[in-house]
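Chains as they are written, first to last, in the numbering used here: chain Y, 1 to 138; chain E, 1 to 180. The structure appears right after this line, and notes come after that.
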Amino acid sequence: MKLDLILRIGVKFLLPFVLLFALYVQFHGELGPGGGFQAGVITAGMVILYAIVFGTEAAKRIAPQRMVESMVPLGVLIYAGTGVAGLLLGKNFLDYSVLAHDAPHGRELGIFLVEVGVLITVSGTMTALFYAFSERGR
Amino acid sequence: MVLLTLLAAITIGVVRTRNLFGVIVLAGIYSFLMASVLIVLDAVDVAMTEAAVGAGVSTVLLLATLHLTKSMEYPRPRKAYLPLFVAICTGAAIVWGTYSLPPFGTPDNVIHRHVVPRYLADSVKDTMVPNVVTSVLADYRGYDTLGETTVIFTAGIGVLLLLKGRRRRRTDQPGERSAP
Numbered sequence: 001m002k003l004d005l006i007l008r009i010g011v012k013f014l015l016p017f018v019l020l021f022a023l024y025v026q027f028h029g030e031l032g033p034g035g036g037f038q039a040g041v042i043t044a045g046m047v048i049l050y051a052i053v054f055g056t057e058a059a060k061r062i063a064p065q066r067m068v069e070s071m072v073p074l075g076v077l078i079y080a081g082t083g084v085a086g087l088l089l090g091k092n093f094l095d096y097s098v099l100a101h102d103a104p105h106g107r108e109l110g111i112f113l114v115e116v117g118v119l120i121t122v123s124g125t126m127t128a129l130f131y132a133f134s135e136r137g138r
Numbered sequence: 001m002v003l004l005t006l007l008a009a010i011t012i013g014v015v016r017t018r019n020l021f022g023v024i025v026l027a028g029i030y031s032f033l034m035a036s037v038l039i040v041l042d043a044v045d046v047a048m049t050e051a052a053v054g055a056g057v058s059t060v061l062l063l064a065t066l067h068l069t070k071s072m073e074y075p076r077p078r079k080a081y082l083p084l085f086v087a088i089c090t091g092a093a094i095v096w097g098t099y100s101l102p103p104f105g106t107p108d109n110v111i112h113r114h115v116v117p118r119y120l121a122d123s124v125k126d127t128m129v130p131n132v133v134t135s136v137l138a139d140y141r142g143y144d145t146l147g148e149t150t151v152i153f154t155a156g157i158g159v160l161l162l163l164k165g166r167r168r169r170r171t172d173q174p175g176e177r178s179a180p
């Protein structure tokens, strides 16, 4: 597989930057364009690229199938749990203002938490779908 | 205008091509062009999503689907004049409808006078988040985004059940056991 060499080395060089860009999009989403959805898709794209070049088995070692599939409901639970936390602390559902010492900080924290939930669900779903398709293909 | 012409050309190409592999590649190019159009319209968040989902992940998923099925579309059984007529009428009605829309990008349009000034003025004060898109999506309109996340969850679970359930039933049949 000599022809694969450039592809493999290139992908190995590329992957850390793709992951870094996904994290940047996730945590910089409050300041620039982006957010949980975009970051989730970029993360899933990174795993899928790795799986295409190195094989699905290698990808399942860095992102195990059980973990990916449990990420699908986990993100929704984080999102809804953030909403329920506001409910338990005496405000409306999805009112984040009671999550920290004052309202703006609480809402910032709430936005951060729900974006994490979106990231987990989106990346988990996309990767799990790819795994399911590649399993059917064999 | 150049981008829109290219979009139209690719749409015709997608309709005319019978090879589904070519259709998927053309659809990826269409998504990238659409992302460029959205950047021109200053909708950077949507452009990012379009480039990542439309051109990236969905292309890969469609190729994976193609791997499971045949890559040639069946020839069209007959000329479909009635659907063509309906499509042209609907398109003409939509174009006619755009003439009564307010001019594009005017700041005092109706939709820009309801809650938008409050969001723009209060986002940093309320949520300490300078990107108004993020604060609208995750805070002011948190219910909607929760619904969208649930939609992704439901769709993903549905497709996973479809793909996995069929496979297990097939491996149950004797003599057809596939390699793990």
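The C-beta atom is built at its ideal place from N, Cα and C for all residues, glycine as well.
Within the 7 Å Cβ cut-off, does residue i reach chain Y?
i: residue 3 of chain E; result: no
i: residue 177 of chain E; result: In this predicted model, residue 177 of chain E has a pLDDT of only 42, less than 50, meaning its place in the structure is not dependable enough to derive any value.
i: residue 42 of chain E; result: no
i: residue 108 of chain E; result: no
i: residue 122 of chain E; result: no
i: residue 68 of chain E; result: yes
i: residue 138 of chain E; result: yes
i: residue 38 of chain E; result: no
i: residue 115 of chain E; result: no
i: residue 160 of chain E; result: yes
i: residue 149 of chain E; result: yes
So residue i contacts chain E; which residues on that side make the cut at Cβ distance below 8 Å?
i: residue 94 of chain Y; result: 142, 143 and 146
i: residue 133 of chain Y; result: 61, 64, 65, 67, 68 and 163
Taking only beta-carbon positions, decide if residue i is within less than 7 Å of chain E.
i: residue 126 of chain Y; result: yes
i: residue 78 of chain Y; result: no
i: residue 118 of chain Y; result: yes
i: residue 114 of chain Y; result: yes
Should residue i be listed as close to the ligand NAD, given that the test is whether its C-beta is under 6 Å from any heavy atom?
i: residue 47 of chain E; result: No copy of the ligand NAD appears in this structure; indeed no ligand is present at all.
Taking C-beta pairs closer than 8 Å, name the residues in chain Y that residue i reaches, listed in chain order.
i: residue 130 of chain E; result: 30 and 31
i: residue 152 of chain E; result: 121, 122 and 125
So what's residue i in DSSP terms, helix, strand or just coil?
i: residue 170 of chain E; result: Any reading at residue 170 of chain E must be qualified, since the residue scores a pLDDT of 49, below 50, and its modelled position is unreliable; the value itself is stated next. Here residue 170 of chain E sits in helix by DSSP.
i: residue 157 of chain E; result: helix
i: residue 176 of chain E; result: Confidence at residue 176 of chain E is low in this model, with a pLDDT of 41, below 50, so the placement of that residue should be treated as unreliable; the coordinate-derived value is given next. Here residue 176 of chain E sits in coil by DSSP.
When the Cα of residue i is compared with those of the options, which residue comes out closest?
i: residue 47 of chain Y; options: Y:82, Y:64 and Y:4; result: Y:64
i: residue 94 of chain Y; options: E:92, E:55 and E:137; result: E:137
i: residue 117 of chain Y; options: Y:132, Y:21, Y:7 and Y:76; result: Y:76
i: residue 4 of chain Y; options: Y:70, Y:53, Y:132 and Y:102; result: Y:53
i: residue 106 of chain Y; options: E:98, E:79, E:88 and E:126; result: E:126
i: residue 133 of chain E; options: E:43, E:157 and E:51; result: E:43
i: residue 103 of chain Y; options: E:155, E:36, E:53 and E:128; result: E:128
i: residue 49 of chain E; options: Y:45, Y:55, Y:34 and Y:50; result: Y:34
i: residue 71 of chain Y; options: Y:43, Y:55, Y:83 and Y:50; result: Y:43
i: residue 142 of chain E; options: Y:13, Y:134 and Y:80; result: Y:80
i: residue 34 of chain E; options: E:153, E:8, E:21 and E:19; result: E:8
Which residues in chain Y have a C-beta closer than 7 Å to the C-beta of residue i? List them in chain order.
i: residue 127 of chain E; result: 104, 107, 108 and 111
i: residue 52 of chain E; result: 38, 41, 42 and 45
i: residue 17 of chain E; result: Here the premise fails: no neighbours, minimum Cβ distance about 23 Å.
i: residue 48 of chain E; result: 33, 34 and 38
i: residue 135 of chain E; result: 111
i: residue 60 of chain E; result: 48 and 130
Under 7 Å between beta-carbons, which chain E residues line up against residue i? List them in chain order, please.
i: residue 66 of chain Y; result: Residues of chain E passing the Cβ test: none, with the nearest at roughly 13 Å.
In chain E, which residues lie with their C-beta within 9 Å of the C-beta of residue i?
i: residue 73 of chain Y; result: 153 and 157
i: residue 83 of chain Y; result: 142, 143 and 146
Applying a beta-carbon distance threshold of less than 9 Å, which residues of chain Y neighbour residue i?
i: residue 57 of chain E; result: 41, 44, 45, 48, 126, 129 and 130
Query raised in the report: Which runs of the alpha helix (DSSP H) fall wholly inside the segment 55-90 of chain Y and span at least 4 residues, in chain order?
Result: 56-62 and 65-88
**Report entry** Minimum length 4: unbroken alpha helix (DSSP H) runs contained in the segment 38-112 of chain E
**Finding:** 44-49, 58-68 and 81-98
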